[in-house]
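Structure first, commentary second.
In the working numbering, the protein residues as written are 15 to 217.
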């Protein structure tokens with residue numbers, strides 16, 4: 015089975031403000047750059063072929079890790095449409111009970127003008143199937159939505175219930191993919207931290 019290592023980008027100002035962050039091209043914050051500078055990629059991943067989302071926050075994270083990456087459009091974050099840049103509180107105030115009802119759709123939640131997590135999962139799965147055919151250990155610097163999609167592919171998670179595994183974001187999430195593109199979890203939360211100085215957890 016082909017190893018697939020996924021890393022989420024470092025924090026941005028929108029993460030720190032707890033805003034939904036989709037395809038708006040927000041760069042790493044000063045804090046985010048400091049945080050990623052504490053990361054060290056474990057040696058076993060250094061010979062992987064590496065890809066990155068086209069968004070600045072992923073590209074910068076990859077650069078700070080010293081990775082040479084190919085840009086892969088399929089790895090872009092979920093399109094949150096008109097919800098992009100809003101906080102959960104702002105959405106609750108705008109939609110009221112309708113927002114609660116829509117959140118219960120889980121993987122089929124569609125923000126106004128955006129895409130569903132299922133659609134994200136489908137586009138990510140197409141890329142994963144290509145990786146599987148190439149049989150080469152692969153890594154990607156991407157986004158929370160992409161890693162959630164991989165978890166869903168591996169476990170059948172519907173995103174209505176809590177995630178089956180609690181993820182840390184200063185970490186590599188390692189999966190394995192068979193020749194048919196079926197995804198399995200290998201090891202989660204492989205630490206990237208070399209300096210134990212604690213920064214606020216990104217959202």
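Ideal placement from N, C-alpha and C gives every residue a C-beta, glycine not left out. Predicted model only: the values in this text are computed from it and were never measured.
Would you mind giving the Cβ-Cβ distance between residue i and residue j, rounded to the nearest angstrom? I have them listed as a contact below 8 angstroms.
i	j	result
residue 131	residue 159	7 angstroms
residue 13	residue 88	Nothing can be reported for residue 13, as the shown portion of the chain is limited to 15 through 217.
residue 91	residue 36	5 angstroms
residue 111	residue 86	In fact, because the Cβ distance is near 39 angstroms, the residues do not count as touching under 8 angstroms.
residue 181	residue 203	7 angstroms
residue 50	residue 78	5 angstroms
How should residue i be labelled, buried or exposed, when 16 other C-beta atoms within 10 angstroms of its C-beta is the threshold for buried?
i	result
residue 25	buried
residue 193	exposed
residue 57	exposed
residue 163	buried
residue 177	exposed
residue 39	exposed
residue 135	buried
residue 126	exposed
residue 22	buried
Consult DSSP for residue i and reduce its assignment to one of helix, strand or coil.
i	result
residue 83	strand
residue 97	helix
residue 88	helix
residue 134	helix
residue 199	strand
residue 168	helix
residue 35	coil
residue 208	coil
residue 213	Because residue 213 sits at a pLDDT of 48, beneath the cut-off of 50, its placement in the model cannot be relied upon, and the point is left open.
residue 177	coil
residue 78	helix
residue 141	helix
residue 148	helix
residue 126	coil
Who does residue i pair with in a DSSP beta bridge?
i	result
residue 42	26
residue 19	153 and 188
residue 64	83 and 153
residue 53	207
I'd like to know if residue i contacts chain C, where contact means its C-beta is closer than 8 angstroms to some C-beta of that chain.
i	result
residue 123	Considering every chain present, this structure includes no chain C. It has just one protein chain.
Counting beta carbon pairs with one atom in the segment 195-207 and one in the segment 176-185, are three or more of them shorter than 8 angstroms? Cβ pair count under 8 angstroms is three or more, so yes.
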